[in-house]
Amino acid sequence: MKSDATLEIVTKLAVLLEERIDPGEFSVAMLQLEENPALMGSLMAVQFVRDAVQGNSTPDLRYTQAIVQFIAEAEARRKTAEKDDR
244 MKSDATLEIV
254 TKLAVLLEER
264 IDPGEFSVAM
274 LQLEENPALM
284 GSLMAVQFVR
294 DAVQGNSTPD
304 LRYTQAIVQF
314 IAEAEARRKT
324 AEKDDR
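Quick note: the sequence shown uses my numbering, first residue 244, plus one each step.
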């Protein structure tokens with residue numbers, strides 16, 4: 244079983260799966276993922292459960308991974324653009 248600290252971090256990361264997310268919460272969650280990339284698996288598991296509970300079928304097992312990867316790439320582009328603006 245995962246430690247309470249890991250479960251707490253995954254719970255905070257789950258905000259990435261919300262349709263509307265505060266930019267500050269997004270930044271904090273992305274920092275958590277950067278510090279511990281292994282949490283991505285836990286985040287994907289949370290999404291699989293949410294999909295199942297909501298009755299959303301997933302085309303394949305990499306569906307959630309693609310969404311989460313899109314989020315990570317979008318954040319990387321945002322950071323690059325922010326640096327370029329400085």
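Yeah, the Cβ is synthetic: ideal placement off N, Cα and C, and Gly gets one too. Bear in mind the structure is a predicted one, so any value in this text is a computation, not a measurement.
Exercise for the section: Kindly indicate which three-state DSSP category ARG263 falls into: helix, strand or coil? Expected result: Sequence index remark: in the sequence shown, residue 263 carries index 20 (1-based). Three-state DSSP puts ARG263 in coil, outside helix and strand.
Practice task
Check whether the Cβ atoms of ALA315 and LEU286 sit closer than 8 Å, and answer yes or no.
Solution key: Within the sequence shown, the letter at position 72 stands for residue 315. Within the sequence shown, the letter at position 43 stands for residue 286. Against a cut-off of 8 Å, the Cβ pair of LEU286 and ALA315 comes out as no contact.
Exercise for the section: Rounded to whole angstroms, what's the CA-CA distance from GLN290 to ALA324? Just pull it up for me. Expected result: Here residue 290 refers to the residue found at position 47 of the sequence shown. Here residue 324 refers to the residue found at position 81 of the sequence shown. Whole-angstrom Cα-Cα distance: 29 Å.
Problem - Inter-residue Cα distance where the pair is ASN299 and ALA309 - result: Counting from one through the sequence shown, the residue named residue 299 turns up at place 56. Counting from one through the sequence shown, the residue named residue 309 turns up at place 66. About 16 Å.
Practice task
Compare the beta carbon distance of LEU282 and LEU259 with 8 Å and say whether it is the shorter of the two.
Solution key: Mapped onto the sequence shown, residue 282 falls at position 39. Mapped onto the sequence shown, residue 259 falls at position 16. Not a contact, by the Cβ cut-off of 8 Å.
Handout entry: Residue from GLY284, GLN297, ASP294 and MET273 with nearest C-alpha to ALA319
Key = Here residue 319 refers to the residue found at position 76 when the sequence shown is read from its first residue. Out of GLY284, GLN297, ASP294 and MET273, MET273 has the C-alpha closest to the C-alpha of ALA319.
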